[in-house]
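Chemist: When the letters of the sequence shown are read in order and numbered with the numbering used here, they come out as residues 427 to 1188. All residues carry an ideal CB built from backbone N, CA and C; glycine is no exception.
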Amino acid sequence: MGNGTTSHEIPEGVKNNLIAMIDHLEIGLIALDADEVVRFVNTAAVKYLELDRELLLGKRFYLNLPLGRTVEQKLSRANPGHVHTYEFQKIRIPWGDSDGYIVRVQNITEEVRAESFESSLLYEALFDRVQDGVFLIQEDKFVFTNPAFADLLGYRVDEIIGRKYIEVLAPEDRDRVVDNHRRRMRGENVPQKYEITLLHKDGHTKKHAILNVTLFEHKGEPTSLGSVRDVTSLKQSHERVRWNEALLRAMATNNPMAFYVVDSRSNKILYFNHLFCEIWNIEHLADQMVTGELTDKDILPYLLIAIENRDSFQRTHAQINTESNRDTIDDTLQLKDGRSIRRISTQIRGDNDKYFGRLYMFEDISKRVQTEKELRHAKEKAEESEHLKDSFIGNMSHEIRTPLNIIMGYTDLIKTEIDPDIDSDHARMFNAISTAGSRLVRTIEHIMNISSIEAGTFPLHKVEVDPIEFVGLTAQRFKDKAEEKGLSYSYSPPKEAVCISIDKYCLEQALSNVIDNAVKFTQRGSVAISIRAGESDVTIKINDTGIGIGSEYLPRLYERFSQEEEGMQRSFEGLGLGMALTRYYVEANHGRLEIWSEKTKGTTVTMTFPRVDVPRSETPHKQQESAAAEESTTEKAGILAVEDDETTQRFLKLLLGKRYNLHIAASAEAGQKILESHPIDLILMDISIKGDIDGIRFTRRLKLDANYSHIPIIATTAHAHADTRLKSLEAGCDEFLIKPLDVENLPNLIDHYLELSNETVE
């Protein structure tokens, strides 16, 4: 290819064929002599470079290429604005007497474009899928962002492109970030990675992120490439952890209980408070516990030294300090120095029930134990005092009522015997005795009942009661007293049958208190008693035209021991307990007590009780037949009176001997023999009879015996304690009477139960 020759010169024809073949190669080839002057250019090279062959030949090659290496060059083609990429390789070859060069040239623009496109797709896929936010900033504006960055702030990608970066910064961070950005643009050394706070599109929500930013040149412009990682949840978690740690420290410092926590894996003490060290006198171990050097086993000997029963503690401690023991322990440890330490221990478990360890808490309860001991002693003393008080009141009641029963009973009998011939002076004497006796009885009864109520031992025994008959019988007891004062006294029951569920004693006491007050405080006019039957309730009304109650005192009416008139000049007797007791009697039976009163005009009292649907006897209401009518019957009823007091026995013989076949027994054994040998229709049972079997036990035994269970039993006693009444009724007594026995009421009550018994037999 040069002018020189070799010993093996190529024939001209072959040389021409070689040149033609080289000219048709798709690889561009350019031959240069030793001075790099172009001596040959094949067609492919002309095509690639888009240059005229004649312009190249004989000219020095315009590119300075390194020898042997393949290099890429971007060159403008003939078409302005079109830049192509070429691959050149310069190879040294022999050229005549010296060396020459072959330059290989190839247009690789399409390959580069394909690679660029593939890279573009790769980068796009990468940035679209990366979880961190990525962005480019030029001239303080976003020119690129990936979806993760836009989503973090609530934007679409197209919404954030073109925005100033300062717009997405939280106000408190703007000055700092802007200052860093400007210094970085000036080439100063600023932090590349730091925490920032971003502002969400909503203008309120703040996002905490770690910013990592670097500066480079892109398309001739200084460009900030940044990435942000959302650490909001992580920061919140750290805040919660710090808050929990602060809370735990505060609780540990201020907790009134000592505690420590044992790790399940290492058995080391993870946490404790200073009070734990104080209670067990191990302050010298605190530093080692803080550093985590000590285990539960290390401190156990110090606890055992202080504990009274160390073997028991060591055994229970080993039992509870296992993963399988889920029990929460709450017991008391006695220390050798006399202190009482409460121990509470429970497992610590996390998510998925994972066992982490055990919490031990200790509390010095020595003062509490001592206080409880003193309280128990005081309670025992109080109970003893209460028992002594109850016994005293009960005995006082018995000792007063028993002779009072004789005094009032015989007085009433004497009055009855001489009634046709009695003059007004003697009648007033008898009435004065009766009134004084009743006053004394009611005083004792009020004291007994208020004592039971205050002690919380007042019993209730609810039964279905016909209020029409019950109110009528109770009202009858006050009729004579009202008529003696010249008052109009009336009772108006409803025509329809009604029934209520109530404690009969409570109803009788409430009615007696209110009716007695109505008669006592009414000097002229009337006392009217009535019953109204509603759909769901029954209302008993007592209306009087007496002195009334002042509006100032009315709110204090239910106060115990209070009276409108007080002092030595008061006009009426009484303890001031009646209405307080009445309110309790009514409300304890789910009733409602209401009072309307006006001074000088009178008082109206209503008691309302829930109505119950219980079929009542078809026997019409009527007053009990007179004694004379009873005496006209062909056969007297058999009455057994179990009574050990001889004076009361004689009184019962005088009161009931003519009217009934009366049998008297001083003991349960004697009463049993009479029952076995005589027909008995009703039993009067003194529940306080002496002997191996008292009246309550005798009643219970009779009610369990089919031969005698049908016989009505009326309990009588001088012990007026409410608990005695409940025990009697629960044993099976049908009625409960407190001495002194009413001369008029007792025969009527006996006849009432005899009539009921006959109806049952029929």
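#1: Are Ile957 and Thr965 closer than 9 Å when you measure CB to CB?
#2: Sort out for me which residues DSSP pairs Tyr620 with in a bridge.
#3: Quick one: what does DSSP say Arg582 is sitting in, helix, strand or coil?
#4: Per DSSP, what kind of secondary structure is Ile767 in: helix, strand or coil?
#5: May I ask you to report which of helix, strand or coil DSSP gives Asn670?
#6: Smallest Cα separation from Gln773: which of Asp1118, Leu637, Ser750?
#7: Determine the direct distance from the alpha carbon of Glu798 to that of Gln902, and round the result to whole angstroms.
#8: Using beta-carbon positions only, say whether Leu701 and Tyr728 come within less than 9 Å of one another.
#9: For Ile844, is the classification buried or exposed, using 16 other Cβ atoms within 10 angstroms of its Cβ as the cut-off for buried?
#10: What are the start and end residues of each continuous beta strand (DSSP E) run of 3 or more residues lying completely inside the stretch 1047-1119, in chain order?
#11: Determine, using beta carbons only, whether Ile1137 and Asp1107 come nearer to each other than 9 Å.
#12: For the candidate residues Ala1132, Arg1123, Val897, whose alpha-carbon lies nearest to that of Ser938?
#13: I need the DSSP call for His813, collapsed to helix, strand or coil.
#14: Tell me whether the stretch 1073-1082 and the stretch 822-835 touch, counting them as touching only if at least three CB pairs, one residue from each stretch, are closer than 8 Å.
#15: In whole angstroms, give me the CA-to-CA distance for Ala672 and Ser766.
#16: What's the call for Glu871, buried or exposed, on a 16-neighbour Cβ count within 10 Å?
#17: What does the Cβ neighbour count give for Asp970, buried or exposed, with the cut at 16 atoms within 10 Å?
#18: If you draw a straight line from the alpha carbon of Tyr591 to that of Ile517, how long is it in whole angstroms?
#19: Three-state secondary structure (DSSP) at Thr1030?
#20: So, are the CB atoms of Leu730 and Gln740 less than 9 Å apart?
#21: Tell me the rounded alpha-carbon separation between Leu1088 and Ile1139.
#22: Who does His510 pair with in a DSSP beta bridge?
#23: Report the residue from Arg1018, Ala1141, Thr883, Asp449 whose alpha carbon sits nearest the alpha carbon of Asp963.
#24: Within a Cβ cutoff of 6 Å, which residues of the same chain sit near Leu785, ignoring the five residues on either side of it in sequence?
#25: Since Phe1124 and Ala1096 should fall inside the 8 Å C-beta cutoff, what is the C-beta to C-beta distance between them, to a whole number of angstroms?
#26: With a 10 Å radius around its C-beta and 16 neighbouring C-beta atoms as the bar for buried, classify Pro1166 as buried or exposed.
#27: Could you have a look at Leu729 and say whether DSSP puts it in helix, strand or coil?
#28: If we call anything under 9 Å between Cβ atoms a contact, is Ala936 one with Met874?
#29: Of all the beta strand (DSSP E) runs that stay within the bounds of the stretch 899-946, which reach a length of 3 or more residues?
#30: Indicate whether the contact test is met: 3 or more Cβ pairs, each with one atom in the stretch 1001-1017 and one in the stretch 1059-1069, closer than 8 Å.
#31: DSSP three-state call for Asn778: helix, strand or coil?
#32: For Asp689 and Gly882, what's the separation of their Cα atoms in angstroms?
#33: Which runs of the beta strand (DSSP E), 3 residues or longer, sit entirely within the stretch 674-710?
#34: Could you have a look at Ala596 and say whether DSSP puts it in helix, strand or coil?
#35: Which one of Asp558, Met677, Tyr697 has the shortest CA to CA distance from Phe575?
#36: Pick out whichever of Phe466, Asn1015, Arg582, Asp906 has its Cα sitting closest to the Cα of Asp1213.
Modeler: Considering the structure as presented:
#1: Taking the C-beta atoms as reference points, Thr965 is found nearer than 9 Å to Ile957.
#2: DSSP links Tyr620 through a beta bridge to Leu637.
#3: Residue state, collapsed to three classes: coil.
#4: If DSSP states are grouped into helix, strand and coil, Ile767 belongs with the strands.
#5: Asn670: helix per DSSP, three-state reduction.
#6: Residue Ser750 is the option with its Cα nearest to Gln773.
#7: Pairing Gln902 with Glu798, the inter-Cα distance amounts to about 54 Å.
#8: No, these two residues do not count as a Cβ contact at 9 Å.
#9: Per the 10 Å Cβ criterion, exposed.
#10: Counting whole runs of 3 or more residues, the stretch 1047-1119 contains the beta strand (DSSP E) stretches 1064-1068, 1087-1091, 1108-1112.
#11: Closer than 9 Å, so yes.
#12: Among Ala1132, Arg1123, Val897, the Cα nearest to that of Ser938 is on Val897.
#13: Correct three-state label for His813: helix.
#14: These segments touch.
#15: One C-alpha to the other measures close to 31 Å.
#16: Taking every protein chain shown into account, the CB of Glu871 has 16 or more other CB atoms within 10 angstroms, so this residue is buried.
#17: Asp970 is buried by the Cβ-count criterion.
#18: Tyr591 and Ile517 have their C-alpha atoms roughly 53 Å apart.
#19: Three-state result, Thr1030: strand.
#20: With a cutoff of 9 Å on beta-carbon distance, Leu730 and Gln740 are scored as near each other.
#21: When rounded, the distance between both Cα atoms is 14 Å.
#22: For His510, which the question treats as bridged, DSSP gives the partners Leu501.
#23: Restricting attention to Arg1018, Ala1141, Thr883, Asp449, the CA atom closest to the CA of Asp963 is found in Arg1018.
#24: Closer than 6 Å at the Cβ level, and outside the excluded window around Leu785, lie Val687, Thr772, Ile774.
#25: About 11 Å separates the Cβ atoms of Phe1124 and Ala1096, ruling out a contact at the 8 Å cut-off.
#26: Looking at its Cβ environment, which holds 16 or more other Cβ atoms inside 10 Å, Pro1166 is buried.
#27: Helix.
#28: No.
#29: Secondary structure in the stretch 899-946: the beta strand (DSSP E) runs of 3 residues or longer, each lying completely within the stretch, are 914-918, 926-929 in chain order.
#30: Pairwise C-beta distances place the stretch 1001-1017 out of contact with the stretch 1059-1069, as fewer than three of them are shorter than 8 Å.
#31: In the structure shown, Asn778 sits in a helix (DSSP, three-state: H, G or I).
#32: Straight-line measurement puts the Cα of Gly882 at about 52 Å from the Cα of Asp689.
#33: Taking only runs of at least 3 residues, the beta strand (DSSP E) segments lying wholly in the stretch 674-710 are 684-689, 695-698.
#34: DSSP places Ala596 in the coil class of the three-state scheme, outside both helix and strand.
#35: Comparing Cα-Cα distances from Phe575 to each of Asp558, Met677, Tyr697, the minimum goes to Asp558.
#36: No statement about residue 1213 is possible, as the shown extent of the chain runs from 427 to 1188 and does not include it.
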